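Peer 1: After the structure tokens below, expect a handful of questions from me.
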Amino acid sequence: MMHPLIENAYKVLRGEALSKEEALTLSREINGGDLLDLLSLAHKVQQKYAPGVHSCSIINAKSGKCSEDCRFCAQSGCHSTDIATYPLLSPQEALAAARKVYDAGIRTFGYVTSGRGWQRPDHDFMTILETLDLIHAELPDMYLCVSLGILSEECVRLLSAHHARRYNMNLQTAPAAYSSLVASSHAVEEKIETIRLMKKYGIANCTGGIFGLGESWKERIDLAFAVRELDVEGAPLNILLAIPGTPLEGQKPLAPAEAAKSFALFRLINPMKMLKFCAGRETVMKDFQGLLMLSGLNGLMTGGYLTTRGRDIAADQEFSRQLSDF
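Here the sequence shown is numbered in the working numbering, starting from 58 and rising by one per residue.
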């Protein structure tokens, strides 16, 4: 017999919204064998409202030496990690990376830089615009996603004129808990303002976060509702990679069942959005990544992340094909 809380949650399949209290109750009460019923519901919701499996790949176009003090991030100059650091790639180097994933069949390319962001279009920012123009000219059907940190309205306006189709700005955790994750360098309100500026200038938003930071279930639910309230187009969802040298290096890995429940609830709260499984898919979840992709997710990042290796694009394409049979 199905748990009555899950029976009630089937209203999402009928187009009704799950309340925050209902989601919190599900997070507390659904465990064990009942969890599989919750995952099945999330998968049905995904199949009805956001079918298919979509892939993207990114390039770390400027690595490390970031001024911000994000507790989870290997690229922060406040932490002692052994990642490679380098200045902004040339337009030709970025084009070569884009062409490589394009030739592998990927049509969404993320261009990412470390750093707080830009308040004025300096030399590096103009190089980024030149890069976007070059990639668009050479690969006109490549969907360009950009992640440059907190931006001024002037910089957002320029991005909109230079082929940026989508912008990644992750909240990482519940807005009310953000200051405990990023102690002093910037506020979550600055990120939210950048998201709103993207909307103003017609750039889609990709806004998600990280599970496994030590957050509570309430904070996970609050993050999912913050994404819903911002009405962004998609949400990249990550499992924390506890990188040596960061303040979270000793954080206990998230259990696969807890990750699956987190993803399923995120889907029930955001039934129509692109929910993309990114960091932690192969390295933390390992044998359970297939189960998690059947827990309401409909996208994946392939070919590597910012400072860690990912899975081979061809292997992920076969993985996506097999998922489509479910």
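All C-beta atoms in this analysis are idealised placements derived from N, C-alpha and C, irrespective of residue type, glycine included.
All figures in this text were calculated on a predicted structure; none of them were measured in a lab.
Taking C-beta to C-beta, are P232 and T188 nearer than 7 Å?
Peer 2: For the purposes of this step, residue 232 is taken as the residue at position 175 of the sequence shown. For the purposes of this step, residue 188 is taken as the residue at position 131 of the sequence shown. Going by C-beta atoms, P232 is not nearer than 7 Å to T188.
Peer 1: Let me know the secondary structure DSSP gives S112 once reduced to three states.
Peer 2: On the sequence shown, residue 112 is found 55 positions in, with the first residue counted as 1. The answer is strand: DSSP assigns S112 an E or B state.
Peer 1: Under the assumption that M331 contacts H111 (Cβ atoms under 8 Å), give the Cβ distance between them as a whole number of angstroms.
Peer 2: Translated into the one-based positions of the sequence shown, residue 331 becomes position 274. Translated into the one-based positions of the sequence shown, residue 111 becomes position 54. Yes, they are in contact, since the Cβ atoms of M331 and H111 sit about 6 Å apart, within 8 Å.
Peer 1: So is P301 buried or exposed if we call it buried at 16+ other beta carbons inside 10 Å?
Peer 2: Position 244 of the sequence shown, counted from the start, is the residue given in the question as residue 301. Label assigned to P301: exposed.
Peer 1: Check whether the Cβ atoms of C385 and G167 sit closer than 7 Å, and answer yes or no.
Peer 2: Within the shown structure, residues of the chain are numbered from 58 to 383, placing residue 385 beyond reach of any answer.
Peer 1: May I have the straight-line CA-CA distance separating K318 from K77, to the nearest angstrom?
Peer 2: Working through the sequence shown from its first residue, we reach residue 318 at position 261. Working through the sequence shown from its first residue, we reach residue 77 at position 20. Whole-angstrom Cα-Cα distance: 15 Å.
Peer 1: Do P328 and V69 have their CB atoms nearer than 7 Å?
Peer 2: Taking the sequence shown and counting its residues from 1, one reaches residue 328 at position 271. Taking the sequence shown and counting its residues from 1, one reaches residue 69 at position 12. Yes, Cβ-Cβ distance for P328 and V69 is below 7 Å.
Peer 1: What alpha helix (DSSP H) runs, 4 residues minimum, are completely inside the region 239-306?
Peer 2: Complete alpha helix (DSSP H) runs here, min 4: 245-257 and 274-287.
Peer 1: Please report the distance separating the alpha-carbon of H219 from that of N225.
Peer 2: Indexing the sequence shown from 1 puts residue 219 at position 162. Indexing the sequence shown from 1 puts residue 225 at position 168. Whole-angstrom Cα-Cα distance: 16 Å.
Peer 1: Given a cut-off of 7 Å on the beta-carbon distance, is the pair Y258 and R222 in contact?
Peer 2: Counted from its first residue, the sequence shown places residue 258 at position 201. Counted from its first residue, the sequence shown places residue 222 at position 165. Cβ distance not < 7 Å, so Y258 and R222 don't count as in contact.
Peer 1: Which same chain residues end up closer than 7 Å to C445 when comparing Cβ atoms and leaving out the 5 residues on each side of it in sequence?
Peer 2: Nothing about residue 445 can be read from this structure; the chain reaches only from 58 to 383.
Peer 1: Decide if the region 336-355 is in contact with the region 114-123; the criterion is three or more beta carbon pairs, one per stretch, under 8 Å apart.
Peer 2: With the cut-off at 8 Å, the region 336-355 and the region 114-123 do not touch.
Peer 1: Can F438 and L351 be called in contact, C-beta distance under 7 Å?
Peer 2: There is no way to answer for residue 438, as the model of the chain reaches only from 58 to 383.
Peer 1: Rounded to the nearest angstrom, what separates A118 and P144 at their Cα positions?
Peer 2: For the purposes of this step, residue 118 is taken as residue 61 along the sequence shown, with counting starting at 1. For the purposes of this step, residue 144 is taken as residue 87 along the sequence shown, with counting starting at 1. Each residue's Cα considered, the two are about 8 Å apart.
Peer 1: Bridge partners of Q229, per DSSP?
Peer 2: Mapped onto the sequence shown, residue 229 falls at position 172. Looking at the DSSP assignment, Q229 forms a beta bridge with G266.
Peer 1: Give every residue of the same chain whose Cβ lies closer than 7 Å to the Cβ of G337, excluding the five residues on either side of it in the sequence, and list them in chain order.
Peer 2: Translated into the one-based positions of the sequence shown, residue 337 becomes position 280. Closer than 7 Å at Cβ, skipping near neighbours: N295, I296, L297 and L298.
Peer 1: Can you tell me whether G89 is buried or exposed, with buried defined as 16 or more other CB within 10 angstroms of its CB?
Peer 2: As a first step, residue 89 must be located in the sequence shown, where it is residue number 32. Classification of G89: exposed, given that the 10 Å Cβ count is below 16.
Peer 1: In this structure, does DSSP put K101 in helix, strand or coil?
Peer 2: Taking the sequence shown and counting its residues from 1, one reaches residue 101 at position 44. In the structure shown, K101 sits in a helix (DSSP, three-state: H, G or I).
Peer 1: Round the Cβ separation of E272 and T230 to the nearest angstrom and send it over; I've been treating them as touching at under 8 Å.
Peer 2: Sequence index remark: in the sequence shown, residue 272 carries index 215 (1-based). Sequence index remark: in the sequence shown, residue 230 carries index 173 (1-based). Right, their Cβ atoms sit about 6 Å apart.
Peer 1: By DSSP, does C123 sit in helix, in strand, or in coil?
Peer 2: Taking the sequence shown and counting its residues from 1, one reaches residue 123 at position 66. Note: C123 maps to strand in three-state DSSP.
Peer 1: What span of residues does the alpha helix (DSSP H) with T170 cover, start to end?
Peer 2: Start at 1 with the first residue of the sequence shown, and residue 170 comes out as number 113. Careful: T170 lies outside any alpha helix (DSSP H), inside the beta strand (DSSP E) at T165 to T170.
Peer 1: Taking E246 as the reference, give the member of H193, P108, N227 and A261 with the closest Cα.
Peer 2: As a first step, residue 246 must be located in the sequence shown, where it is residue number 189. Selected option, being the one with the closest Cα: N227.
Peer 1: When DSSP labels each residue in this structure, what does C202 get in the three-state scheme?
Peer 2: The count along the sequence shown starts at 1 and reaches residue 202 at position 145. Strand.
Peer 1: Helix, strand or coil: how does DSSP classify A153 here?
Peer 2: Residue mapping note: residue 153 aligns to position 96 of the sequence shown, counting from 1. Residue state, collapsed to three classes: helix.
Peer 1: Using only CA atoms, which one of F320, I115, N355 and P313 lies nearest to E339?
Peer 2: For the purposes of this step, residue 339 is taken as residue 282 along the sequence shown, with counting starting at 1. Comparing Cα-Cα distances from E339 to each of F320, I115, N355 and P313, the minimum goes to P313.
Peer 1: Would you say A408 and I116 are within 7 Å of each other, going by their C-beta atoms?
Peer 2: Any question about residue 408 goes unanswered here, given that the chain covers just 58 to 383.
Peer 1: Quick check: what's the CA-CA separation for Q104 versus R277?
Peer 2: Taking the sequence shown and counting its residues from 1, the one referred to as residue 104 is at position 47. Taking the sequence shown and counting its residues from 1, the one referred to as residue 277 is at position 220. Approximately 23 Å between the Cα atoms of the pair.
Peer 1: Please report the straight-line C-alpha distance between V341 and E315, rounded to a whole angstrom.
Peer 2: The count along the sequence shown starts at 1 and reaches residue 341 at position 284. The count along the sequence shown starts at 1 and reaches residue 315 at position 258. V341 and E315: Cα-Cα distance of roughly 13 Å.
Peer 1: If I measure Cβ to Cβ from D94 and keep anything under 7 Å in the same chain, skipping five residues before and after, which residues do I get?
Peer 2: Walking along the sequence shown from the start, residue 94 turns up at place 37. Once the five neighbours on either side are set aside, the close Cβ partners of D94 are M59, H60 and I63.
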